[in-house]
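To start, the structure under review is shown below, and the notes come after it.
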Amino acid sequence: MLAYAFLSEGAVEPLSGFAWPTGKEGEYGDWVAADAAPPEALRGYRARDLPYWLEEELWNIELDGRLAERPHLLIAERARLRGRIDTWSAELAWEFAAACARRVAVRAATALRTAGRAEAAASLEEAADLEELESAASAAAGGVAGTLAGYTADVCFYARDAGVPARGACVAAKMTAYALAGDVDDIDERTWQGAWLVDRLGLVTGSRPSPG
Amino acid sequence: MSTDPLTCKELVELVTLYFEGSLSAEDRSRFEEHIMSCPPCRAHLEQMQTTMRLLGSIPEEEVSPAAEEALVAALHGWKRE
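Residue numbers (our numbering), protein chains in the order written: chain E, -14 to 197; chain Z, 262 to 342.
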């Protein structure tokens, strides 16, 4: 089946350090069997599970043989890379992190406005990027009405603190799910995140065997 | 183990089992999910990997019998306390 793989720079599997063989100029990489790679390095993700594994490079991967289902991932008996998805970039990772943070900011602004703090609410809504949003949210935090603003500031801070954009995006996705639902696995929030990524990455999940 | 996400403290306690491949499939996945979205834990894991690699490269011959004996004696003494 076709799936997706998030890899570190140079097509390296981030947890095991396994360096995937990549094809030359549009060709597929060589097949790798399980006995030639670290345990569980031959893994792929469905589109809906992408927000859990964000990393610097996104690749199409073909999984073959018996597939083992794990929470939010698939392990294959053999696999090969079928090409990098260039729409995933540092810029898009920051955009995704900001989109996540804004989900919390919208709720924070509503709480602030209900409490009569319209100016603070507006400053959250008008923030242009993560940095501005963090600043506005920090200023609005405090008191019961400012609790979600505090969460917004936390999402922005820890995303930016991660340094590498993709890791910051992964942090933002997790913290947003927790801030809005108290559950890092919240289905609604993770579904929204997956749909955002599919849309902005231009992934055509309908024509693929089953990554969606 | 529950199906709740791991805390950082739990992850640190499970690092050895992770390296040994002794975690259940579900716990391994939860461990890895945490690593991907927690830069400090990721740094900890990478430091552990580096430490294990470096320790694994030290040949046994570099520890003299006297030093080994002294180390074993010290460990025995520590256990009795």
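Think of the CB as a built atom: it goes at the ideal place given N, C-alpha and C, for glycine as much as any other residue.
Everything numeric in this text was worked out from a predicted model, so none of it was measured.
1. Under the DSSP definition of a beta bridge, which residues are partnered with ARG63 (chain E)?
2. Inspect the beta-carbon positions of PRO24 (chain E) and GLY317 (chain Z) and report whether they are closer than 8 Å.
3. Output, in sequence order along the chain, the residues in the stretch 282 to 301 of chain Z whose CB is closer than 8 Å to any CB in chain E.
4. Look up ALA(-10) (chain E) in the DSSP assignment and give the residues it is bridged to.
5. Can you tell me whether DSSP reads LEU58 (chain E) as helix, strand or coil?
6. DSSP on ALA96 (chain E), reduced to helix/strand/coil?
7. On the CB-based measure, 16 or more other CB atoms within 10 Å of its CB, does LEU48 (chain E) come out buried or exposed?
8. Would you check if the distance between the CB atom of ALA144 (chain E) and the CB atom of ALA134 (chain E) is smaller than 8 Å?
9. Relative to the C-alpha of LEU52 (chain E), which residue among E:TRP44, E:GLU62 and E:ILE46 is closest?
10. Verify the CB distance criterion: does GLY159 (chain E) have a CB-CB separation below 8 Å to chain Z?
11. Does the CB of CYS155 (chain E) have a neighbour CB from chain Z at under 8 Å?
12. Hey, quick one: how far does the alpha helix (DSSP H) through ALA158 (chain E) stretch, first residue to last?
13. Which of the three DSSP states, helix, strand or coil, is assigned to VAL(-3) (chain E)?
14. Taking 7 Å as the limit between beta carbons, can you name the residues of its chain near ALA100 (chain E), skipping five residues before and five after?
15. Which word fits GLN308 (chain Z), buried or exposed, when buried means at least 16 other C-beta atoms lie within 10 angstroms of its C-beta?
16. So, under 8 Å CB-CB, ALA(-4) (chain E) and LEU59 (chain E) are touching, yes? Tell me the CB distance rounded to an integer number of Å.
17. May I ask which residues mark the beginning and end of the alpha helix (DSSP H) holding GLU274 (chain Z)?
18. The alpha helix (DSSP H) that contains PRO301 (chain Z), what's its start and end?
Reading it off the structure:
1. By one-based count along the first sequence, residue 63 (chain E) stands at place 78. BP columns for ARG63 (chain E) point to E:ALA18 and E:ASP49.
2. Counting from 1 along the first sequence, the entry for residue 24 (chain E) is found at position 39. Counting from 1 along the second sequence, the entry for residue 317 (chain Z) is found at position 56. Result no, Cβ atoms of PRO24 (chain E) and GLY317 (chain Z) do not sit closer than 8 Å.
3. GLY282, ALA286, GLU287, ARG289, SER290, ARG291, GLU293, GLU294, ILE296, MET297, SER298, CYS299 and PRO300
4. Here residue -10 (chain E) refers to the residue found at position 5 when the first sequence is read from its first residue. Answer is E:TRP44, bridged to ALA(-10) (chain E).
5. Sequence index remark: in the first sequence, residue 58 (chain E) carries index 73 (1-based). LEU58 (chain E) falls in the strand class under three-state DSSP.
6. In the first sequence, the residue the question calls residue 96 (chain E) occupies position 111. If DSSP states are grouped into helix, strand and coil, ALA96 (chain E) belongs with the helices.
7. Residue numbering aside, residue 48 (chain E) sits at position 63 when the first sequence is read from its first letter. LEU48 (chain E) should be labelled buried.
8. As a working note, residue 144 (chain E) is residue 159 in the first sequence. As a working note, residue 134 (chain E) is residue 149 in the first sequence. Against a cut-off of 8 Å, the Cβ pair of ALA134 (chain E) and ALA144 (chain E) comes out as no contact.
9. For the purposes of this step, residue 52 (chain E) is taken as the residue at position 67 of the first sequence. When only C-alpha atoms are compared, the closest one is E:GLU62.
10. Counting from 1 along the first sequence, the entry for residue 159 (chain E) is found at position 174. One point to set straight first is that residue 159 (chain E) is Lys, not Gly, in the sequence displayed. Yes - at least one Cβ of chain Z is within 8 Å of the one on LYS159 (chain E).
11. Counted from its first residue, the first sequence places residue 155 (chain E) at position 170. Interface residue, yes.
12. Numbered from 1 along the first sequence, position 173 holds the residue referred to as residue 158 (chain E). Its alpha helix (DSSP H) spans residues 150 to 166.
13. Position 12 of the first sequence, counted from the start, is the residue given in the question as residue -3 (chain E). Reduced to three states, the DSSP call for VAL(-3) (chain E) is strand.
14. Walking along the first sequence from the start, residue 100 (chain E) turns up at place 115. Contacts found: ALA130.
15. Position 47 of the second sequence, counted from the first residue, corresponds to residue 308 (chain Z). Classification of GLN308 (chain Z): exposed, given that the 10 Å Cβ count is below 16.
16. If you number the first sequence from 1, residue -4 (chain E) lands on position 11. If you number the first sequence from 1, residue 59 (chain E) lands on position 74. Their Cβ separation, rounded to whole angstroms, is 18 Å, which puts ALA(-4) (chain E) and LEU59 (chain E) out of contact at 8 Å.
17. Within the second sequence, the letter at position 13 stands for residue 274 (chain Z). Taken as a continuous stretch (DSSP letters only), the alpha helix (DSSP H) holding GLU274 (chain Z) covers 269 to 281.
18. Here residue 301 (chain Z) refers to the residue found at position 40 of the second sequence. Here the alpha helix (DSSP H) through PRO301 (chain Z) covers 300 to 317.
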